[in-house]
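The next block holds one structure in the form of structure tokens; read it before the comments.
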């Protein structure tokens, strides 16, 4: 299954080629690397030659932005009623993964159709795209990330969207340790979203490696699922991890606890405006109640 984030107006994937993609974020055009783009640029002219910013990788790791035309340090873009603060970082990212709009739409639809109060746990929550979406749909959200800077950015996004009065808890913590404490406290959630990294370290040096830890984390999270769960969403950008693996993990954990439901998985992508070719942007696995 392939789902597309093709409802954007403030974001546009203009073109891609030669290991790079050309994107419009509001009025700002950025050129940056993407390892999935393994074909040549048909015609490197126009905006390819003259974007606002061009990210160059360094041979020593990391890289830096070349500012070709002046642009602000931070600006705001919208997705439907949601608003997000964009700021190019030293690691080529902008603070938002636009392909996740497809998952935001699904999550918001599930929450609005539930007809009851929904509590969402968002793990490895980054700058809070899913947090803002779920809060906008009326859910109570607990946002957990090990990076204080990302949690601060997420709070700003919530306020920028005019949702500062919604019930959202922001937690800076190691995800596994937080879930373990929630189990001891007896806290429950109707929906869980997670976007685990391939590899990472918690605030106290805890090592995370997705191939070794993902199944155990999902299994652990079933202990904080409510008796009437609504959905469980796993996102992954880990190269080589198949969507089928996410299906199997959800089947062995969430579906077993919930005694049924629907499971499906696939790729998520964004079409280019130049020719409609789709840029693959990771995989997803979903469990949803019937």
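In our numbering, the protein residues as written are 1126 to 1415.
Note that the Cβ used here is the ideal one computed from N, Cα and C, for glycine as well.
Please read these numbers as outputs of a predicted model, since none were measured by experiment.
Cut-off 7 Å between Cβ atoms - residues of its own chain near residue i, not counting five sequence neighbours on either side
i: residue 1303; result: 1269, 1296
i: residue 1347; result: 1378, 1379, 1382
i: residue 1142; result: 1162, 1164, 1165, 1166, 1167
i: residue 1227; result: 1128, 1129, 1130, 1393
i: residue 1405; result: 1161, 1392, 1394
Separation of residue j from residue i, as counted between CA atoms
i: residue 1191; j: residue 1176; result: 10 Å
i: residue 1221; j: residue 1202; result: 10 Å
i: residue 1319; j: residue 1411; result: 11 Å
i: residue 1403; j: residue 1317; result: 28 Å
i: residue 1398; j: residue 1309; result: 49 Å
i: residue 1266; j: residue 1372; result: 25 Å
i: residue 1153; j: residue 1198; result: 11 Å
i: residue 1279; j: residue 1360; result: 18 Å
i: residue 1212; j: residue 1196; result: 10 Å
i: residue 1313; j: residue 1236; result: 16 Å
i: residue 1289; j: residue 1281; result: 9 Å
i: residue 1239; j: residue 1276; result: 28 Å
i: residue 1121; j: residue 1126; result: Since the first residue of the chain shown is 1126 and the last is 1415, residue 1121 is not available in this structure.
i: residue 1293; j: residue 1133; result: 25 Å
i: residue 1214; j: residue 1188; result: 10 Å
i: residue 1370; j: residue 1343; result: 12 Å
i: residue 1183; j: residue 1367; result: 30 Å
i: residue 1245; j: residue 1305; result: 16 Å
i: residue 1210; j: residue 1139; result: 20 Å
i: residue 1435; j: residue 1174; result: This structure cannot settle anything about residue 1435, because the visible part of the chain is limited to 1126 through 1415.
i: residue 1365; j: residue 1388; result: 21 Å
Residue i, enclosing alpha helix (DSSP H) - first and last residue
i: residue 1237; result: 1226 to 1239
i: residue 1390; result: It is not in any alpha helix (DSSP H) - residue 1390 instead sits in the beta strand (DSSP E) that spans 1387 to 1396.
Beta strand (DSSP E) segment containing residue i, residue limits
i: residue 1278; result: Here residue 1278 belongs to no beta strand (DSSP E); instead the alpha helix (DSSP H) covers 1273 to 1285.
i: residue 1257; result: Where residue 1257 is concerned, there is no enclosing beta strand (DSSP E), although the alpha helix (DSSP H) it sits in stretches over 1254 to 1261.
i: residue 1218; result: No beta strand (DSSP E) contains residue 1218, which DSSP labels as neither H nor E.
i: residue 1412; result: 1403 to 1413
i: residue 1166; result: Where residue 1166 is concerned, there is no enclosing beta strand (DSSP E), given that its DSSP letter is neither H nor E.
i: residue 1158; result: 1153 to 1158
i: residue 1150; result: 1145 to 1150
i: residue 1142; result: 1136 to 1142
i: residue 1292; result: No beta strand (DSSP E) holds residue 1292; DSSP gives it neither H nor E.
i: residue 1288; result: Premise fails: residue 1288 is in no beta strand (DSSP E) and is neither H nor E.
i: residue 1128; result: 1127 to 1129
i: residue 1244; result: 1244 to 1248
i: residue 1270; result: 1265 to 1270
Spatial neighbours of residue i in its chain, beta-carbon cut-off 8 Å, leaving aside the 5 residues before and after
i: residue 1329; result: 1299
i: residue 1340; result: 1374, 1377, 1378
i: residue 1135; result: 1150, 1151, 1202, 1203, 1204
i: residue 1145; result: 1156, 1157, 1158, 1159, 1162, 1166
i: residue 1169; result: 1142, 1143
Close-in-space but distant-in-sequence residues of the same chain around residue i (CB under 6 Å, 5 per side omitted)
i: residue 1225; result: 1254
i: residue 1362; result: 1407
i: residue 1233; result: 1258, 1262
i: residue 1335; result: 1321, 1323, 1363
i: residue 1157; result: 1180, 1217
i: residue 1248; result: 1269, 1300, 1319
i: residue 1273; result: 1297
Supposed contact pair residue j and residue i - C-beta distance, whole angstroms, cut 8 Å
i: residue 1291; j: residue 1260; result: 4 Å
i: residue 1415; j: residue 1391; result: Actually they do not touch by this definition, with Cβ atoms about 19 Å apart.
i: residue 1396; j: residue 1147; result: Not confirmed; about 14 Å, so no contact.
i: residue 1283; j: residue 1256; result: 7 Å
i: residue 1171; j: residue 1193; result: At roughly 13 Å, the Cβ-Cβ gap does not stay under 8 Å, so residue 1171 and residue 1193 are not in contact.
i: residue 1354; j: residue 1315; result: 6 Å
i: residue 1208; j: residue 1285; result: 5 Å
i: residue 1356; j: residue 1413; result: 5 Å
i: residue 1409; j: residue 1350; result: Not confirmed; about 19 Å, so no contact.
Any chain D beta carbon closer than 9 Å to residue i
i: residue 1216; result: Checking the listed chains, one finds no chain D in this structure; it contains a single protein chain.
Residue ranges of each beta strand (DSSP E) within the region 1303 to 1382, 3 or longer: 1316 to 1319, 1324 to 1326, 1332 to 1334, 1356 to 1361
Beta strand (DSSP E) runs contained entirely in the region 1170 to 1212, provided each spans 3 or more residues: 1178 to 1182, 1188 to 1192, 1200 to 1204, 1207 to 1211
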